[in-house]
Amino acid sequence: MVDGGKESGSALKKAFLILDALFESDTPMGLAELSQQLDLPRQTVHRVVRQLEDLDIIRRDFARDHFSVGARMMRLSLNAIGVAWRMGPMRAVLKDLVANLGETCNIGVLDRDEIVYIDRVECEWPLRLQLQAGSRVPAHATAIGKLLLAHLPSRTRKRMIEAAPLLSFTDHTITDPASLELELRAIRRNGFATNNSENLSGLIAVAVPIYDDGGRVVAGLALHAPDARMDVKEAEQKLPTMRAAAAKLQKHIIELQDMDSEQSGVMDDAESDHRSSLS
């Protein structure tokens, strides 16, 4: 029984190591690459990968026999992110921002070619677009979506744009890959993105990045308003306030990451103590 528990814990840790590597990689990874990077036998990696694939935790690119994070793992991750964002201080930052600006604001993350709203606070105006946390919108036609696409590694961005359908939703939607790439380059230079009736006619938005402790863009913060009440240029005047809110959110993200690192260290120490007691 003790040996079985030890083996189970070891297998679980290997699964998390593989998932962590796939999350950090810009491209799908093969068995040999995972084995070398994690310093694990290829046979062990193959066994764990097959189990994760069966559970839809990771998915296989059969053309190249490489692996990436699967749909089930993405759903779990996005649900966890959403819960964290909607709790305590981060929700308070968003509510304060809406009270200050008088318009709806939301936070979104990229899930392949879509944006998932993980938190959203509505304004008090009767004329507004009501969406719930968990709603999905096309990345290429939204401010947060273009912002997050712009900050992807170039190879990843190129692959996603080529694979995405780039559907037209209004006369203003960018549907040409080359034109979209030009827009994304401008977004990287300017540090913010706009949406001028590209997803819904009459709706404008401006978005700024939210960074983690490594300086990576992990989410976008956006203001939304009907163009009858605010045009894009007026929305851009709100950028300093939005960037200040994004900096507060970054601080809370770093605090969460520090807590996560401390908990991981405690778990590693506990596992080491457990192994010592069995030896």
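Using the working numbering, you'd call the opening residue of the sequence shown number -18 and step up by one each time.
Glycine included, every Cβ here is placed at the ideal spot set by N, Cα and C.
Predicted model, so just to flag it, every value in this text is computed and none were measured.
Could you check the C-alpha separation between Gly83 and Ile234 for me, to the nearest Å? 25 Å
With distance defined between alpha-carbon atoms, name the residue in Leu15, Thr8, His205 nearest to Asn177. His205
Anticipated Cβ contact below 8 Å, Met141 with Arg197, distance rounded: That pair is no contact at about 17 Å.
For Ile185 versus Met223, is the C-beta distance shorter than 8 Å? no
For Arg169, which residues from the same chain have a beta carbon less than 8 Å from its beta carbon, with the 5 sequence-adjacent residues on both sides left out? Ala131, His132
Three-state secondary structure (DSSP) of Met211: coil
Assuming the contact rule is C-beta atoms closer than 8 Å, Leu165 and Ala188 should be a hit. Round their C-beta distance to whole Å, please. With a Cβ gap of about 13 Å, Leu165 and Ala188 do not count as contacting.
For Thr85, which beta-bridge partners are listed by DSSP? His205
Could you please give me the residues that DSSP links to Val26 through a beta bridge? Answer by DSSP bridge pairing: none, since Val26 is not bridged.
If you run the structure through DSSP and keep just helix, strand and coil, what is Asn171? helix
Cα-Cα separation between Arg105 and Asn87, rounded to whole angstroms: The displayed chain sequence assigns Glu, not Arg, to residue 105. Spanning the two alpha carbons is a distance of roughly 14 Å.
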